[in-house]
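Here is the structure we will look at.
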Amino acid sequence: MKRKAFILFLGFEAALCILLSLFQETLPKAFISVMAFPFEQTALGLRALSLSGSTGNTIAILLYVAICLGPAIVLYLLSKKRSLYPEDWLLIVLSVVLFPVIYLMINPGMLHDPLLWVAGPDPGKALLGNIIWSVIVGYILLRILRHLSAADTARLHRYMAALLYGLSILFVYLAFGSGFRDLLNSIESLRASNTGNEHTLGISCAFLVLQYIINTLPYVLDILVVFAGLRLLTQLQADRYSEASVGAAHNLSRLCGRALVVIVVSNTGFNLLQFIFMKNLRVVNSVVQIPILSIAFLLAALLLSQYIRENKQLKDDNDMFI
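For the sequence shown, my numbering assigns the number 57 to the initial residue and increments by one for each residue that follows.
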């Protein structure tokens with residue numbers, strides 16, 4: 057994927073996340089539908105077909121059985137083409153899970169049963185959808201790991217690039233999706249607990265926004281590191297021992313080091329500002345924010361860049377010896 061096109065995609069994702077966060081109160085069911093998609097929609101179609109008459113009910117039952125047995129049928133077809141791997145048996149698990157999950161979505165009234173530990177049909181459908189997706193994602197990840205273990209260097213480069221693209225998409229969501237939604241919820245909670253004193257909440261709201269920026273900064277820096285990592289991958293594909301590869305590794309290492317410094321300094325500075333303006337704040341975040349995911353990602357990238365530089369130096373020494 058070209059860099060400019062991917063930047064536009066990330067910008068669109070960020071804008072979409074912000075819009076969904078702003079309209080979260082008016083679109084709660086849409087979020088639930090996304091979590092249960094496409095199983096909820098499938099169940100609604102089967103329910104409508106079942107209620108249309110005896111013929112429709114028979115067709116709905118046949119479709120229900122066919123859909124639930126779909127993963128098992130896929131497993132059978134795979135067994136005819138190649139030997140099965142241990143993770144392939146998750147398809148049987150998926151079929152077993154689909155039978156009760158789709159049935160409960162067809163009959164949402166059963167989701168009120170206290171034995172199911174569910175507070176109603178909407179959260180129940182979301183929970184059931186997550187159960188199915190956990191099996192699907194688990195199977196996909198295990199298949200990817202098997203492909204990685206048998207891949208050559210060129211394919212590993214492509215897989216690594218795909219992983220970096222995926223991480224950048226995740227970082228954008230954490231920054232402008234869940235992070236921005238947390239900001240809106242914090243401001244709403246602040247106003248709700250200070251009814252009648254809204255005119256005194258200006259500085260508190262400003263600090264909540266500043267805290268959001270501080271919490272978002274690591275993810276933004278992670279995205280910059282991702283692009284530096286993609287440039288390094290491009291150079292490694294061309295020649296992993298070239299000066300361009302070493303230069304890209306050096307740039308990645310330097311960027312990671314600076315990003316870690318910025319994260320530490322920004323968190324420290326924010327806590328000091330809170331201490332200075334504590335008397336004027338209606339809410340103080342006394343928890344030290346440690347972006348473990350960002351720090352782990354940056355340290356991994358830093359370690360990789362150092363290995364590349366050391367390998368280049370070792371090759372140069374060997375060439376001089378020869």
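Every residue gets a Cβ at the ideal spot worked out from N, C-alpha and C, and that includes glycine.
Less than 8 Å between C-beta atoms, sequence neighbours within five positions excluded: which residues of the same chain meet that for residue i?
i      : result
Leu78  : Leu240
Ala294 : Ala300, Ser301
Ser106 : Gly112, Asn113, Ala116, Ile117, Ile162
Leu264 : Leu239, Ser242, Ile243, Leu246, Val339
Ile269 : none
Arg202 : Tyr141, Glu143
Leu337 : Ile259, Ser260, Phe263, Gln330
Asn367 : Arg296, Tyr297
Could you give the DSSP three-state label for residue i: helix, strand or coil?
i      : result
Ala304 : helix
Ala352 : helix
Leu337 : coil
Lys58  : coil
Could you give the residue range of the alpha helix (DSSP H) that holds residue i?
i      : result
Arg296 : Arg296 -> no alpha helix (DSSP H), and no H or E assigned at all.
Phe79  : Premise fails: Phe79 is in no alpha helix (DSSP H) and is neither H nor E.
Excluding five sequence neighbours on each side, which residues of the same chain lie with their C-beta closer than 6 Å to the C-beta of residue i?
i      : result
Phe236 : Ile74, Ser77
Gln97  : none
Ala175 : Bear in mind that a pLDDT of 48 at Ala175, under 50, signals an unreliable position, so the model cannot answer this.
Leu171 : With a pLDDT of 45 at Leu171, under the threshold of 50, the modelled position of this residue cannot be trusted, and the question is left open.
Leu226 : none
Ala277 : Sequence check: residue 277 is Leu here, not Ala. Here the set comprises Ala315.
Return yes when the Cβ of residue j is within less than 8 Å of the Cβ of residue i, no when it is not.
i      : j      : result
Ser260 : Leu246 : yes
Ser309 : Ser361 : yes
Leu140 : Tyr195 : no
Cys312 : Leu358 : yes
Ile279 : Val317 : no
Phe95  : Ile188 : yes
Tyr215 : Leu223 : no
Ala315 : Arg287 : no
Leu133 : Ala217 : no
Val191 : Val153 : yes
Leu160 : Leu184 : yes
Lys181 : Ala92  : yes
Val281 : Leu355 : no
Gln267 : Phe333 : no
Phe62  : Tyr221 : yes
His306 : Arg211 : no
Ile37  : Ala122 : The question about residue 37 has no answer, for the chain in this structure spans 57 to 378.
Going by beta carbon distance, what residues of the same chain come within less than 7 Å of residue i, once the five residues before and after it are set aside?
i      : result
Leu102 : Ala116, Leu119, Tyr120, Ile162
Asp128 : Checking the sequence, you will find Ala at residue 128 rather than Asp. Leu147, Ile148, Ser151, listed in sequence order.
Leu230 : Tyr275
Arg199 : Glu143
Leu292 : His213, Ser301
Phe232 : Ala70, Cys73, Ile74
Met166 : Leu160
Phe155 : Cys124
Checking contacts by CB at 8 Å: is residue i closer than that to chain B?
i      : result
Cys261 : Structure shown: chain B not included; a single protein chain is present.
Legend entry - Length at least 4, wholly inside the region 86-168: the alpha helix (DSSP H) runs in chain order: For the alpha helix (DSSP H) assignment, the uninterrupted runs of no fewer than 4 residues enclosed by the region 86-168 are, from N- to C-terminal side, 95-106, 110-137, 146-162.
Inset, instruction - Entirely within the region 195-256 and at least 4 residues each: give me those alpha helix (DSSP H) ranges in chain order. - result: 209-229, 235-248
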